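For the sequence shown, the numbering used here gives the first residue as 1495, with consecutive numbering after it.
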Amino acid sequence: MPQRALVPDVTARAHRNRTLATRIQRGPTQESNRRHDPGCLCPTSGKHRYHQPRTLNQAATQGGGTSDAQKFWVSQARNAFMAFTLYLFDSLDDQIKREHPKDTWMFPTLGMLYRVSSGDGSDLKGYLKKLSQRDFLGRDAKTAFDNLLSQAEETFASIMGTFKEPLNQFINPILDASTSDNDFLLTDVRKKKMSIYIGIQPNKLAESRLLINLLFSQLINLNTKELPQNNPVLEHQCLLLMDEFTSIGRVDIIASAVSYMAGYNIRLLPIIQSMAQLDATYGKDVSRTIITNHALQIVYAPREQQDANDYSDMLGYTTVRKKNKSQTSGKQSSVSYSETEQRRALMLPQELKAMGFDKEVFLYEGIPSPVLCEKIKYYEDAYFTKRLLPKAEVKALMSTAAW
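Below you can see the structure in the form of structure tokens.
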């Protein structure tokens, strides 16, 4: 049973401190917050210098389309992302080497990436050319800058626009501060007893979608590198309890890793409103793969007729015997009975819709038939009500006066 969790809490009602969470991250746009910097997860030397920024890069620029033209812009934006990210890491190495005061270091954060790529007010291409000629810059960073600067002016401007679009939100000082350092590490979710709650107000969901998507992408990527049987430190399971699963958009690594992440003690529990919602985000084929790779499925009363039809088909059919009576009249009148077998849905669409709020159906591997049962309501069950705790307090990230 998972004892660790990462929960995108859109309603901000789920988080608890005493029972589960030793680390809490509230919404990245809120002043009361825990910090997580996706960029600081990248090691600053060796082969990981390229690999980890690439993972971050792909997550930040995913969903760019499938046409050749769209692929070109996404590819070039990723090259720009790599150029600036490697620049920041090389710059940090140089500042450490030269023993600059720590409070002057340019840490490789997404906010810093936004500021460096925005220029200094002069001609942007000329400014970037100066960056590409810094003595401390490594070969990979110079190559990425050369690819970017070799483009024609109009193409260069379009590439920078595509690259900057997901980063523009980091002009927000609160968001910048909440991603400027780490109060927890995603590499610890299988090592320590910790739970992470991401409280996002619904009106902030659109601007926070990228960060939540990025967080899940990194967590899965970082924790599917080493199997727990090969490292006794990785003793805990981590549950990704993803309410409003499709609200953060498509997470590409979930589509590809859902079939094997359980072997790494990463468990996925998505909550969706309807299959149509899942299909719209991931496509029918990938949606089917996601559903198939879950041992347990719970179905609540559907509202939409198509969902009711789909669930009825999913639950399957049974055979019922129907008794028929036939009678002849006249002097030799007689009555005879016969039975016929007829195919019937285990639950008709209208029966599923009529379940109401009190019942549910679940399907579980190893149980040959679906189970219709009464739904547990935690607020009516003493076993759960005695575990309800006050809202956890989270210290303010910054004082408003500081900005």
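For every residue, glycine included, the Cβ atom is placed at its ideal position computed from N, Cα and C. Since this is a predicted model, take the numbers as computed values, not measurements.
To the nearest angstrom, how far is it from the Cα of residue i to the Cα of residue j?
i     : j     : result
T1775 : E1859 : 26 Å
L1679 : I1747 : 19 Å
N1676 : S1750 : 27 Å
D1617 : D1779 : 47 Å
L1704 : L1721 : 28 Å
F1710 : L1716 : 10 Å
G1492 : A1876 : Lying before the first or after the last residue shown, residue 1492 is absent from the chain, which here runs from 1495 to 1897.
K1698 : E1835 : 56 Å
T1516 : Y1873 : Low per-residue confidence applies at T1516: pLDDT is 47, beneath 50, and the placement is therefore not dependable, though the value from the model is reported in the following sentence. Taking the straight line joining both Cα atoms gives about 25 Å.
S1820 : I1792 : 44 Å
E1525 : K1885 : Its pLDDT being 49, under 50, E1525 is placed unreliably in this model, and the coordinates cannot settle the point.
A1770 : R1815 : 35 Å
E1868 : L1840 : 17 Å
Q1799 : Y1758 : 38 Å
A1651 : Y1581 : 20 Å
V1683 : I1668 : 25 Å
L1842 : D1801 : 12 Å
T1813 : I1714 : 44 Å
R1881 : I1694 : 24 Å
N1725 : T1718 : 12 Å
G1533 : K1871 : Residue placement at G1533 cannot be trusted, given a pLDDT of 49 that sits under 50; what the coordinates show is reported in the next sentence. Each residue's alpha carbon lies about 41 Å from the other.
D1670 : T1603 : 8 Å
K1619 : K1636 : 14 Å
S1822 : N1803 : In the sequence under discussion, the amino acid at residue 1822 is Thr, which differs from the Ser named in the question. Taking the straight line joining both Cα atoms gives about 41 Å.
Relative to the alpha-carbon of residue i, which residue among the options has its alpha-carbon at the smallest distance?
i     : options                    : result
D1634 : M1654, S1768, S1741, T1579 : T1579
V1610 : E1593, R1592, P1595, M1576 : M1576
A1563 : Y1621, T1649, G1613, F1639 : T1649
L1790 : K1565, L1857, D1614, L1669 : L1857
K1853 : L1713, V1865, L1842        : V1865
I1760 : T1681, E1659, L1842, R1744 : T1681
E1659 : E1701, R1838, N1803        : E1701
S1569 : T1783, S1672, K1624, F1657 : F1657
Q1723 : A1756, Q1712, L1622        : A1756
Q1487 : V1745, V1829, E1887, R1782 : Since the first residue of the chain shown is 1495 and the last is 1897, residue 1487 is not available in this structure.
Y1794 : G1850, S1823, T1783        : G1850
W1567 : T1718, K1623, I1653, L1622 : I1653
Y1805 : S1768, S1832, Q1627        : S1768
P1796 : V1855, E1833, T1822        : V1855
S1674 : L1883, N1725, L1607, S1832 : L1607
N1707 : L1661, G1743, D1640, E1593 : G1743
According to the neighbour-count rule (16 or more other Cβ atoms, all chains shown, within 10 Å of its Cβ), is residue i buried or exposed?
i     : result
I1907 : For the chain, the structure presents residues 1495 to 1897; residue 1907 sits outside this window and is missing.
N1818 : exposed
A1899 : It is not possible to answer for residue 1899, since the shown part of the chain is limited to 1495 through 1897.
I1665 : exposed
Y1754 : exposed
T1786 : exposed
Q1663 : buried
G1655 : exposed
D1614 : exposed
S1830 : exposed
N1441 : Given a span of 1495 to 1897 for the chain in the structure shown, any question on residue 1441 remains unanswerable.
P1595 : exposed
V1727 : exposed
F1878 : exposed
S1781 : buried
S1827 : exposed
I1861 : exposed
| message | With three or more beta-carbon pairs closer than 8 Å as the criterion, would you say the segment 1619 to 1632 touches the segment 1585 to 1605? | response | yes
| request: Please go through the segment 1748 to 1806 and give each complete alpha helix (DSSP H) segment of 4 or more residues, from N-terminal end onward. | output: 1769 to 1776, 1778 to 1786
| request: Check whether the segment 1736 to 1743 touches the segment 1762 to 1774, counting contact only when three or more Cβ pairs, one atom from each stretch, lie closer than 8 Å. | output: With contact defined as three or more Cβ pairs closer than 8 Å, the segment 1736 to 1743 and the segment 1762 to 1774 are in contact.
| Counting pairs of Cβ atoms below 8 Å between the segment 1791 to 1809 and the segment 1834 to 1849, do you hit three or more? | yes
| Cβ contact (3+ pairs, closer than 8 Å) linking the segment 1680 to 1693 and the segment 1726 to 1735 | yes
| query | Quick check: the segment 1637 to 1649 against the segment 1592 to 1612, are there 3 or more CB pairs under 8 Å? | reply | no
| field | In chain order, each alpha helix (DSSP H) run of at least 4 residues that lies wholly inside the segment 1606 to 1634 | value | With a minimum length of 4 residues, the continuous alpha helix (DSSP H) runs that stay inside the segment 1606 to 1634 are 1618 to 1626.
| task | Ignoring anything shorter than 4 residues or poking outside the segment 1683 to 1757, list the alpha helix (DSSP H) runs there in chain order. | result | Runs of the alpha helix (DSSP H) inside the segment 1683 to 1757: 1699 to 1716, 1746 to 1751.
| message | Which complete beta strand (DSSP E) runs does the segment 1821 to 1869 hold, if anything under 3 residues is left out? | response | 1828 to 1839, 1853 to 1858, 1865 to 1868
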